[in-house]
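Quick mapping for you: the protein sequence lines, in order, are chains D and W.
According to this note's numbering, the residues represented by the first sequence are 274 to 550, in order.
According to this note's numbering, the residues represented by the second sequence are 274 to 550, in order.
We treat Cβ as the ideally placed atom computed from N, Cα and C, and that holds for glycine.
There are 2 protein chains.
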Amino acid sequence: MGTSISELISEKIDAMSTSERKAAQTLIANYPLIGLRTVAEFSAQAGVSSPTILRFVSRLGFQGYPEFQQALQQELAAQIQSPLNRATIIQSSKGSAAYPLMEAAIENIRETFHHLSTQQLDDATEALSRTRTHVYLLGGRFTDPIAIYMAAHLKIIRSGVTHLTGQESNWRDQLIDMGRKDVLVIFDIRRYQDSLIRFAEKAQARGVEIVLITDQWLSPIARFARHVIAGRTAVPSPWDSSTTLFLMAETLIAGVTHKLQNSSAERIRDMEQLRDG
Amino acid sequence: MGTSISELISEKIDAMSTSERKAAQTLIANYPLIGLRTVAEFSAQAGVSSPTILRFVSRLGFQGYPEFQQALQQELAAQIQSPLNRATIIQSSKGSAAYPLMEAAIENIRETFHHLSTQQLDDATEALSRTRTHVYLLGGRFTDPIAIYMAAHLKIIRSGVTHLTGQESNWRDQLIDMGRKDVLVIFDIRRYQDSLIRFAEKAQARGVEIVLITDQWLSPIARFARHVIAGRTAVPSPWDSSTTLFLMAETLIAGVTHKLQNSSAERIRDMEQLRDG
DNA sequence: TACAAAATGTAATACAAAGTACAAATTGCC
DNA sequence: GGCAATTTGTACTTTGTATTACATTTTGTA
Chain D
274 MGTSISELIS
284 EKIDAMSTSE
294 RKAAQTLIAN
304 YPLIGLRTVA
314 EFSAQAGVSS
324 PTILRFVSRL
334 GFQGYPEFQQ
344 ALQQELAAQI
354 QSPLNRATII
364 QSSKGSAAYP
374 LMEAAIENIR
384 ETFHHLSTQQ
394 LDDATEALSR
404 TRTHVYLLGG
414 RFTDPIAIYM
424 AAHLKIIRSG
434 VTHLTGQESN
444 WRDQLIDMGR
454 KDVLVIFDIR
464 RYQDSLIRFA
474 EKAQARGVEI
484 VLITDQWLSP
494 IARFARHVIA
504 GRTAVPSPWD
514 SSTTLFLMAE
524 TLIAGVTHKL
534 QNSSAERIRD
544 MEQLRDG
Chain W
274 MGTSISELIS
284 EKIDAMSTSE
294 RKAAQTLIAN
304 YPLIGLRTVA
314 EFSAQAGVSS
324 PTILRFVSRL
334 GFQGYPEFQQ
344 ALQQELAAQI
354 QSPLNRATII
364 QSSKGSAAYP
374 LMEAAIENIR
384 ETFHHLSTQQ
394 LDDATEALSR
404 TRTHVYLLGG
414 RFTDPIAIYM
424 AAHLKIIRSG
434 VTHLTGQESN
444 WRDQLIDMGR
454 KDVLVIFDIR
464 RYQDSLIRFA
474 EKAQARGVEI
484 VLITDQWLSP
494 IARFARHVIA
504 GRTAVPSPWD
514 SSTTLFLMAE
524 TLIAGVTHKL
534 QNSSAERIRD
544 MEQLRDG
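Have a look at this one:
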C-alpha cells in the first residue's frame, strides 16, 4: 500500500521498452503534475504516442488512466498536507548507500562550505568583479573544463575575460599583456601540474592577483596566490571528484553576477539583441 | 498575475450566492485537489449541481473549467515542483542560510539521484563500456565543458573516445564515421540548442545509440535518445546550476572505470610508461 | 539477408465530461 | 399571499478524451 508511484516505476522500469521508459522518465522529471494532465499532453511531452502512455500506466498495474491519476492525486494530497513530510523522506534516504559516490560528494560539499569563510568568498568575488581589470582563467588536465565553464559565464556578465587555451607556450605569450591588478583564476588539484606552477609564479612576479581553486591538500601554487579556495575531492572511486570545485565556480559566478547586477543586466540585454538581430 | 486562486475567492465571495459559496468553501477546505477532479465530483462533494460549479468558476473570471484547472495546476507546480521552495523551507528551519546556492545544489543532487533508478545508470554505463564501439561526446553552450571533462577521463580508461569540438559543421563531418552501435553522449539543458537537436536526429538516423544528459524539463533530444538521464538544475541564481550534471558525469566515469577495471588498469600502466619514458 | 516477434504509432470508436437551455424552486418585495 | 426576480437543478447537447483494433515499423535471430 505504502508504495509510492515513483517507487513503483523504479521497480518496473527494467521490464519496460524504450518508449515506455521515456514515459517513465518524463513523469519522474515532471513529477507528478504531468500525470495529472491528459494522456495527449503527457504523450506529447514524452515524445511518444498516447497508446504508449496507456501501456505504461497499465504496466504499473492500473486498470486505466483515471485510476492512475487518482493514485497520483492521493499521493499529492498526503504530501501537501504536511510539507515537512517531504523533508523527512529525503533525509531518511540519507542512510541508503545506493550511491556512495553521491553521498561522498554531498559530504564534501558540506564540509568544504562549512570550513569556508564568507569573507574569503566575498574577497574572491570582489576581485572578479573589478571590471577595470582583466580576468584570465586556466586549469589543469582535469580541471580546465571548469575554468572553461567559468569563463563562458563570466564573459557574458562582464568584459575582459579570457580563458587561456592550448599549450604552456601559448599561455606564456599572454603574460606580456598581464599586469598589476589583473586577476588570474587557476584551478589545480593533485597531481599538481608543473606547468601551472611555473606559470603562476611568473604571473605573480608581474603583480597579477591570483585566485587559486584547489583541493584540500593545497596546490603549491598557494604560495603565489592572494586568494585560496580549497575544496574536498576525495570519493570512493579511483578518481578524485571535482564536483565541489565545480559548485565553487558556480558560487563565484553567482556572486559576481549579483555584484554586477545592474551593469550585467544591461550587458546581457545588448548581447541578446546582437544575437537575435 | 500573481493573485492566487484562494485570494481570488476571498475577493469575490461576497458577490456569490449561497450555492456558489458552498462551492467556494468546499474548494478551500480541500484546496486545491478537489478542483483538479471532474465537475461532477466537485459538485457532489459540495452538495450542489454541476452548473453551479461552472457558474462559480466563471465568476472567478475563468473562461471554462479546464482553464480553471490549469491555473490550479500552475499554482501547485510552483509550490511543489520547485526544489528551491523546499530547500528554503528546509534550510530556514535549520537556520543556516549562509549558502543558499549550496543548499539548493545539494537538494538538487539528492532529488535527482532519488528519482534515478540504478538500472538506468547501469544501462548507460554499459553502453559506455563497450570497447568495440566508439564513444562521441558533445555538449551545449554551457555544458560542453562537462562533455570535455568526461571525455578526458574516458580517454584514459578506454580507446575510441572522441569529443566533438568546434562548430556544427565540424560535427557533421564526423557523422560519416558514426554508425550502428556507436554511442553518442549529449549534454543539453535549456535553452536547448537547435544545433544539438539537429545533430542528435541525424545521429539517431544512422543508428547511433544516444545517451542524453539533460535537465528536469528534458531536452527535445529525449525523442532520439536511448538513455535519458535528467538532473535538476534550478537554483536561486539567474543561472541554472550544472553541478548535478557534473556529478552525474563523474558517476558514469566511476561506473565505467569499475566495469573496465582489469583492462583499464593495464591501459593506465602502459600510458604512464609512455609518459615517463 | 530474410523471417518471426515485439514494439510502436495511426486512426477509428466508445465513453465521459463540460457546457447549455430551460423548467422548477426559492427568495425578496409590495 | 401573490408576483417578479433571482437562484438552482434537470435533462440534453456538444465537445473532448480515453480506449482499442489494427497497420506499420523496428528489433532480434537464424
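Shortest Cα-Cα distance from D/Leu427 to any of D/Leu306, D/Val408, D/Ala503, D/Ala350 involves D/Val408.
A contact between stretches requires three or more CB pairs, one per stretch, nearer than 8 Å, and the stretch 282 to 299 of chain W fails this requirement with the stretch 428 to 440 of chain D.
Looking only at D/Glu293, D/Arg403, D/Ile419, the smallest Cα-Cα distance to D/Thr325 is reached by D/Glu293. In the structure shown, W/Gly308 falls within a helical segment according to DSSP collapsed to helix, strand and coil. Spanning the alpha carbons of D/Lys454 and D/Met375 requires a straight line of approximately 39 Å. Counting the other Cβ atoms within 10 Å of the Cβ of D/Trp490 gives fewer than 16, which makes it exposed. Out of W/Leu410, W/Pro493, W/Val456, W/Trp512, the CA that lies nearest to the CA of D/Gln318 is found in W/Pro493. In the displayed model, D/Phe460 falls within a strand according to three-state DSSP. For W/Tyr422, a Cβ of chain D is located within less than 8 Å of the residue's own Cβ.
Across the stretch 459 to 481 of chain D, no CB contact with chain W closer than 8 Å is found for any residue.
Within the stretch 358 to 438 of chain W, the complete beta strand (DSSP E) runs of at least 3 residues fall at 408 to 412, 434 to 436.
A straight line joining the alpha-carbon of D/Thr406 with that of W/Asn535 spans about 50 Å. Judged by DSSP in its simplified three-state form, W/Val321 adopts coil rather than helix or strand. Annotation for W/Ala503: the continuous beta strand (DSSP E) segment containing it runs 500 to 504. For D/Ala344, same chain residues with a beta-carbon under 8 Å away, outside a window of 5 residues either side, are Ile278, Phe335 in chain order. By the Cβ test, the stretch 410 to 423 of chain D is in contact with the stretch 522 to 537 of chain D, since at least three Cβ pairs between them sit closer than 8 Å. Contact check between the stretch 370 to 389 of chain W and the stretch 507 to 519 of chain W: three or more CB pairs, one atom from each, fall below 8 Å, which counts as touching. Interface residue (Cβ-Cβ distance to chain W less than 8 Å): D/His388 is not classified as such.
Three or more Cβ pairs closer than 8 Å define a contact, and the stretch 381 to 397 of chain D falls short of that threshold against the stretch 301 to 320 of chain D. Taking a contact as a CB-CB distance under 8 Å, the pair W/Thr506 and W/Ile430 does not count as one, their CB atoms being some 27 Å apart. Chain-ordered listing is empty here: chain D has no CB closer than 8 Å to the CB of W/Ser277, the nearest sitting near 14 Å. Linking D/Ala498 to W/His500 through their CA atoms gives a straight-line distance of about 43 Å. Under a criterion of Cβ atoms nearer than 8 Å, the residues of chain D adjacent to W/Ile419 are, in order, Pro418, Tyr422. Contact of D/Ser432 with chain W by beta-carbon distance below 9 Å is absent, the smallest such distance being about 18 Å.
W/Phe519 has a beta carbon lying within less than 8 Å of a beta carbon in chain D. Between D/Leu411 and chain W, the shortest Cβ-Cβ separation is not below 8 Å. The beta carbons of W/Gly412 and W/Phe472 sit no closer together than 8 Å.
At a cut-off of 8 Å, the C-beta of D/Ala425 has a neighbouring C-beta in chain W. Under the three-state reduction of DSSP output, W/Val330 falls in the helix class.
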